[in-house]
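Read through the structure below, which is laid out as structure tokens, and then see the notes.
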Amino acid sequence: MPALTVLYDPLCGLCRRAHGWIAEQPKLVELSFVPIKSEEARHRFPNLDHARTLKDLTVISDQGAVYFGPKAWLMVLWSLSKYREWAYRLSSPELLPTTRRVVSLISQNRYQISRASGLSR
Amino acid sequence: MTLGITTYLIYLAVSIALTVWVARTLHKNGRVFLVDVFHGNEALADSVNHLLVVGFYLINFGYVSLALKLGYNVATAQEGIEALSVKVGMVLIVLGGMHFFNLFIFSRMRRRASLQNGPPPIAPDGFTVVQEA
């Protein structure tokens, strides 16, 4: 079974909430979570563009393949047994542009969304 | 033996023969699908295959038996053949429906199984060095 590492933003309430939800889902692929900008993140991925991980969710496979933003979200869906079909659906040529737009919109406004929905403490 | 009884007997013979033929086809050709679905576990595939065929027989013979009664007397040979064609036609349609339903189940099981070892949905943005934790 391949393994994926998810670099997430622990300062954003929405991301913490998503992290909790993902952690509870049955998985087809092993997922581990590492907070962005942490010692562990820098140590494990010395050559990674860490500035970019501030902007986008980042997923890295154990082979070193890096996925940013919408692609990272698709990889997370792909790793969950209940949502693998959705990962294929959302990454089809017809839906990929919409997926990108929606994910970047949420990602860019994640602090506002967290505040508005009362998820940030 | 009256014409009515003859019609019934021919109906039963034809229906049973058709059901057995379709069930055997299903049994023989469905096995490959199931072996694939269960990742080469042939014992499990054979077991599921057999159970599916038993259900298939039960439903079809149940229908054949329920649909036997004609409800009127057959006076001429022409009437007998007409009655027979309606009854056998209905059996054929039910068999066809059941057969496609079975195919649908096979293909769905197979799709589920193939999803489990599906490749990543998209190509990565790049590659990086990974240090052991």
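Protein chains in written order, with this note's numbering: chain A, 1 to 121; chain B, 1 to 133. For each residue, glycine too, the CB sits at the ideal point set by N, CA and C.
Cβ separation of residue i and residue j, assumed to be a contact under 8 Å, to the nearest whole Å
| i | j | result |
| --- | --- | --- |
| Thr2 of chain B | Tyr57 of chain B | So it is not a contact: roughly 30 Å between Cβ atoms. |
| Leu34 of chain B | Val48 of chain B | 6 Å |
| Asp56 of chain A | Gly69 of chain A | 4 Å |
| Arg84 of chain A | Leu7 of chain A | Incorrect: roughly 21 Å between the Cβ atoms, too far for contact. |
| Leu80 of chain A | Pro26 of chain A | 7 Å |
| Thr6 of chain B | Gly80 of chain B | 7 Å |
Reduced DSSP category for residue i - H, G, I as helix; E, B as strand; rest coil
| i | result |
| --- | --- |
| Ile105 of chain B | helix |
| Lys27 of chain A | strand |
| Leu68 of chain B | coil |
| Ser60 of chain A | Per the sequence shown, the amino acid found at residue 60 of chain A is Ile instead of Ser. DSSP places Ile60 of chain A in strand when its eight states are reduced to three. |
| Phe38 of chain B | coil |
| Leu51 of chain B | helix |
| Ala87 of chain A | helix |
| Ala3 of chain A | strand |
| Phe33 of chain B | helix |
| Val74 of chain B | coil |
| Ile122 of chain B | coil |
| Gly118 of chain A | coil |
Distance, residue j Cα to residue i Cα
| i | j | result |
| --- | --- | --- |
| His50 of chain A | His39 of chain B | 41 Å |
| Thr99 of chain A | Gln108 of chain A | 14 Å |
| Phe45 of chain A | Pro10 of chain A | 18 Å |
| Leu63 of chain B | Met98 of chain B | The residue asked about is misnamed: residue 63 of chain B is Tyr in this sequence, not Leu. About 11 Å. |
| Ala113 of chain B | Val37 of chain B | 6 Å |
| Ile10 of chain B | Met90 of chain B | 15 Å |
| Leu68 of chain B | Gly4 of chain B | 11 Å |
| Thr5 of chain A | Tyr67 of chain A | 10 Å |
| Arg115 of chain A | Leu14 of chain A | 9 Å |
For residue i: DSSP bridge partner residues
| i | result |
| --- | --- |
| Thr98 of chain A | Paired residues: none, contrary to the question. |
| Pro35 of chain A | A:Tyr8 |
| Ala65 of chain A | B:Phe127 |
| Leu80 of chain A | A:Lys27 |
Inset, instruction - Quick one: which residues of the region 34–49 of chain A get their C-beta closer than 8 Å to a C-beta of chain B? List them in chain order. - result: Per Cβ criterion, the list reads Glu40, His43, Arg44, Phe45, Pro46, Asn47 and Leu48.
Inset, instruction - Using a Cβ-Cβ cut-off of less than 7 Å, list which residues of the region 63–83 of chain A approach chain B; keep chain order. - result: Going along the region 63–83 of chain A in chain order, one finds Gly64, Ala65, Val66, Tyr67, Phe68, Lys71, Leu74, Met75 and Trp78 with a Cβ nearer than 7 Å to chain B.
Legend entry - Members of the region 114–131 of chain B near chain A, C-beta cut-off 7 Å: The residues in question are Leu115, Gln116, Gly118, Pro120, Pro121, Ile122, Pro124, Asp125, Gly126, Phe127, Thr128, Val129, Val130 and Gln131.
Legend entry - Near-chain B residues of the region 85–96 of chain A (beta-carbon distance less than 7 Å), N- to C-terminal order: Glu85, Ala87, Tyr88 and Ser91: these are the residues of the region 85–96 of chain A whose beta carbon lies less than 7 Å from some beta carbon of chain B, given in chain order.
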